[in-house]
Amino acid sequence: MAETVRDLVARLIAAHDGGPVIETVPPHLVPADLAGVYAMQDAVIAQIGAVGGWKVMAGGEGEPTCSPIPANRYFDNGARLESTRHRFIFPEVEIAVKLGRDLGSDADAATTEAAIASVHPALEMVAGPFTDRDAIHANVKLGDLQSNGAVVVGPALDPAIRAALSTLPVALLLDGVAAKSTQTGASWDAIVKAVTWLAGHAAARGLPLKQGQVIITGSRALAPHGAARHIEGQMGDWGSVTAEMTY
1105 MAETVRDLVA RLIAAHDGGP VIETVPPHLV PADLAGVYAM QDAVIAQIGA VGGWKVMAGG
1165 EGEPTCSPIP ANRYFDNGAR LESTRHRFIF PEVEIAVKLG RDLGSDADAA TTEAAIASVH
1225 PALEMVAGPF TDRDAIHANV KLGDLQSNGA VVVGPALDPA IRAALSTLPV ALLLDGVAAK
1285 STQTGASWDA IVKAVTWLAG HAAARGLPLK QGQVIITGSR ALAPHGAARH IEGQMGDWGS
1345 VTAEMTY
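For the sequence shown, the numbering used here gives the first residue as 1105, with consecutive numbering after it.
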């Protein structure tokens, strides 16, 4: 009997949690387009459980791409994460926003801005549950919740940071050594625009944005963490987020 999408999704979920890595994906299960990618994401969420937030790329050209993130993949600042078990391959330093109220499909920029309760530094741990990640079709990795493995959310930042986001100094530190830094990223207006779009998109998928959900808005600094045990994302003098890796 041919493997189904449900079967593949079950294998992906298991591989993210210490199960066997995936060597190949049958061609008939590779999503043909973005609609197929999102259908695969929905199938993953259907098996894992509640949505804790989303990832969406703010500041890019054209329509953003996105993915829901399961609630059980969110962690508090300073969390201890099992890197080998969960197949983490590199951290990304991101700006996250937390919703203080629900957002529906009718959201506009003003409604979205009012719904954002706080801004946070975050680390997204990108995972590769495959024997050879480079050999896997890009649409499969997008369907696999855009390779999300975990999100660590730091403490709320001073709201004044909103005006500084487009030129915000961001650095990724591995065991105290800077591995990547930048001073460019999506502006506050771009983030609000992306979340506004996401509100309509998520509602259309039957997964509307809810109070308390955390949305990460795109990588600002990333690098393979290797065997580093202390991961830190710094937002200049505004604040930071950390995670401890075990292997």
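Cβ coordinates follow ideal geometry from the N, Cα and C atoms, glycine included.
What you are looking at is a predicted structure, and each value in this text was computed from that prediction instead of being measured.
Give me the DSSP bridge partner(s) of residue i.
| i | result |
| --- | --- |
| threonine 1350 | Glu1186 |
| glutamate 1228 | Glu1196, Val1255 |
| glutamine 1338 | Ala1275, Ser1344 |
| isoleucine 1265 | Per DSSP, none; premise fails for isoleucine 1265. |
| alanine 1325 | Val1197 |
| alanine 1282 | Leu1277 |
| leucine 1207 | Leu1313 |
Rounded to whole angstroms, what's the CA-CA distance from residue i to residue j? Just pull it up for me.
| i | j | result |
| --- | --- | --- |
| alanine 1213 | alanine 1106 | 46 angstroms |
| leucine 1269 | threonine 1321 | 12 angstroms |
| valine 1255 | asparagine 1181 | 10 angstroms |
| alanine 1200 | arginine 1333 | 23 angstroms |
| glycine 1337 | alanine 1226 | 7 angstroms |
| glycine 1204 | proline 1131 | 42 angstroms |
| leucine 1272 | isoleucine 1335 | 19 angstroms |
| valine 1230 | glutamine 1250 | 8 angstroms |
| alanine 1139 | histidine 1305 | 12 angstroms |
| alanine 1154 | threonine 1286 | 34 angstroms |
| valine 1125 | valine 1160 | 26 angstroms |
| valine 1134 | valine 1141 | 9 angstroms |
| valine 1244 | threonine 1350 | 27 angstroms |
| glycine 1330 | glycine 1208 | 40 angstroms |
| glycine 1166 | tryptophan 1301 | 11 angstroms |
| tryptophan 1292 | serine 1171 | 20 angstroms |
| leucine 1112 | isoleucine 1173 | 18 angstroms |
| threonine 1188 | glycine 1122 | 8 angstroms |
Hey, residue i and residue j: beta-carbon distance below 8 angstroms or not?
| i | j | result |
| --- | --- | --- |
| alanine 1303 | leucine 1313 | yes |
| proline 1195 | leucine 1276 | yes |
| valine 1197 | valine 1274 | yes |
| aspartate 1262 | tryptophan 1342 | yes |
| alanine 1162 | alanine 1294 | yes |
| isoleucine 1240 | valine 1129 | yes |
Our contact map puts residue i next to residue j with C-beta atoms below 8 angstroms; I'd like the distance itself, whole angstroms only.
| i | j | result |
| --- | --- | --- |
| glycine 1098 | arginine 1177 | Outside the shown range of the chain (1105 to 1351) lies residue 1098, about which nothing can therefore be said. |
| threonine 1216 | valine 1296 | 5 angstroms |
| alanine 1347 | alanine 1183 | 5 angstroms |
Unbroken alpha helix (DSSP H) runs of length 4 or more, entirely within the segment 1126 to 1152: which are they? 1138 to 1152
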